[in-house]
Amino acid sequence: MDQAERLRSLVNQGPIQTAASKQIIAVASGKGGVGKTNFCVNFALELQKIHRSPVVLDVDLGFANVDVILGERPRHTIEDLLNGFSIWDVLQVSATGLPYLSGGAGLTELHTLSRAQVLHLKEEFSRLDDRYDTVLLDCSAGHSTNSEQLIAAATQLIVLTTPEPTSIADAYALLKMLSVNGQLPQVVTVVVNRASGIVEAKLAADKLKLVAAKFLGVNIDILGFILEDDAVPQAVMAQTALLLKYPHSKAASCIQQIARNYLHIDERSERRGFSKFLERLFGVYSHTQSEKFIS
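Residue numbering for the sequence shown follows my numbering, starting at 61 and increasing by one per position.
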């Protein structure tokens with residue numbers, strides 16, 4: 061089945077959700093190189109297996125690479141959507157059936173969008189409101205205005221870190237910035253990636269959880285951990301998702317457990333549709349920009 065056939069199949073599917081019944085999950089990290097995009101793609105694939113309907117939005121603007129992890133060459137990106145294309149033109153479906161929207165490389169700042177572009181985004185994304193129950197935002201690593209605003213508009217935040225002290229410090233710095241600015245979603249979770257073992261993973265997660273509670277008053281749920289595994293870089297080099305290339309690997313088993321853990325946490329956070337998400341997203345800009353966007 062080629063890309064066009066996959067899209068036709070998607071369009072012909074009946075509604076699966078009401079407009080306000082989805083989770084908008086921002087996946088972020090305090091710094092680059094911790095495996096955020098790889099986790100995002102494989103987490104989405106596992107959610108599909110347990111009968112969720114996810115879509116991945118690659119919003120690491122300027123450095124989008126969800127398509128690389130999937131071994132895909134998207135014909136269109138979010139840039140085309142901003143230039144007037146419909147959502148059905150730009151939404152891609154991987155060969156394995158995972159819907160995703162590539163961020164492209166040309167657009168780098170959300171605040172440069174015109175009012176007309178924002179209205180077009182809202183109209184087109186609303187067409188997806190009854191198709192998916194989980195939206196995964198693959199945000200840019202570290203501190204950026206784009207990531208801050210995307211996270212603030214989400215219903216959940218997953219922070220990815222490694223056990224390294226510098227990575228934990230960067231994750232805490234991200235949480236502190238979001239907390240000070242009032243941009244943390246209702247539910248915040250942490251995933252420890254590339255852990256040498258369960259003890260190391262638990263120590264790292266507990267450390268971040270403790271300092272966030274003590275100094276920020278923020279409660280963090282430990283979503284899980286991913287063990288260091290040679291299968292991960294091998295899958296990346298093969299441009300095939302880990303869960304498809306090495307479904308029985310240690311790292312794949314960890315992601316499968318994370319998805320099961322997520323189902324318990326999922327019930328606690330609010331839900332909203334794409335329209336509400338976009339209203340919140342473009343409502344957090346400064347007053348100097350407000351005349352360009354939706355009120």
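Beta carbons are placed, not taken as given, at the ideal position from N, Cα and C, and that holds for glycine.
Please state whether DSSP places residue i in a helix, a strand or coil.
i	result
Asp143	Looking at the sequence itself, residue 143 is Asn, so the reference to Asp does not match. Asn143: coil per DSSP, three-state reduction.
Phe353	Residue confidence is low: Phe353 scores 41 on pLDDT, short of 50, so the model does not pin down where it sits. Its coordinate-derived value is still stated next. In the structure shown, Phe353 sits in coil (DSSP, three-state: anything other than H, G, I, E or B).
Gln209	helix
Tyr232	helix
Phe27	Since the first and last residues shown for the chain are 61 and 355, residue 27 lies out of range.
Gln317	helix
Asp118	strand
Ala155	coil
Tyr160	strand
Leu302	helix
Ala165	coil
Ser113	coil
Thr226	helix
Taking residue i as part of the beta strand (DSSP E), name the residues at either end of that continuous run.
i	result
Val296	First-last for Val296: 291-297, but that is the alpha helix (DSSP H), not the beta strand (DSSP E).
Ala88	83-89
Asn253	247-255
Distance, Cα to Cα, residue i vs residue j?
i	j	result
Pro159	Met237	31 angstroms
Leu39	Gly90	Limits of the chain in this structure are 61 at one end and 355 at the other, which puts residue 39 out of reach.
Tyr345	Ala213	Any reading at Tyr345 must be qualified, since the residue scores a pLDDT of 43, below 50, and its modelled position is unreliable; no value is offered.
Gln216	Gln83	7 angstroms
Tyr232	Glu106	27 angstroms
Lys274	Asp266	12 angstroms
Ile354	Leu142	With a pLDDT of 41 at Ile354, under the threshold of 50, the modelled position of this residue cannot be trusted, and the question is left open.
Ala165	Ala88	19 angstroms
Leu179	Lys305	40 angstroms
Asp149	Ile138	10 angstroms
Ile258	Ser309	16 angstroms
Val126	Val240	30 angstroms
Asp189	Ile228	35 angstroms
Arg191	Arg254	33 angstroms
Asp326	Asp193	11 angstroms
Thr205	Ile211	10 angstroms
Val116	Val153	10 angstroms
Val271	Thr226	14 angstroms
Cys100	Ala176	30 angstroms
Ser113	Gly95	23 angstroms
Leu287	Arg331	31 angstroms
Gly333	Phe103	21 angstroms
Gly163	Leu263	35 angstroms
Cys314	Val247	21 angstroms
Thr156	Lys109	12 angstroms
Ile282	Leu323	13 angstroms
Ile147	Pro245	26 angstroms
Thr172	Ser256	43 angstroms
Residue i lies in the alpha helix (DSSP H); which residues open and close that run?
i	result
Leu341	334-342
Ile280	Neither: Ile280 is in no alpha helix (DSSP H) and is coded neither H nor E.
Ala273	Unbroken run through Ala273: none, as it is neither H nor E.
Ile129	126-130
Asn327	Note that residue 327 is Glu in the sequence shown, not Asn. Run containing Glu327: none; DSSP gives neither H nor E here.
Gln243	It is not in any alpha helix (DSSP H) - Gln243 carries neither H nor E in the DSSP assignment.
Val101	96-109
Quiz prompt | Three CB pairs or more closer than 8 angstroms across the segment 122-130 and the segment 310-319 | solution = no
Self-check item: Inter-stretch contact at 8 angstroms, needing at least 3 Cβ pairs: the segment 126-136 / the segment 284-302
Solution: yes
Exercise. Please specify which runs of the beta strand (DSSP E), each continuous and at least 3 residues long, are wholly inside the segment 169-223, giving them in chain order.
Key: 194-199, 216-221
Practice problem: Tell me, please, whether the segment 182-202 touches the segment 328-347 by the rule of three or more beta-carbon pairs shorter than 8 angstroms. | Solution: yes
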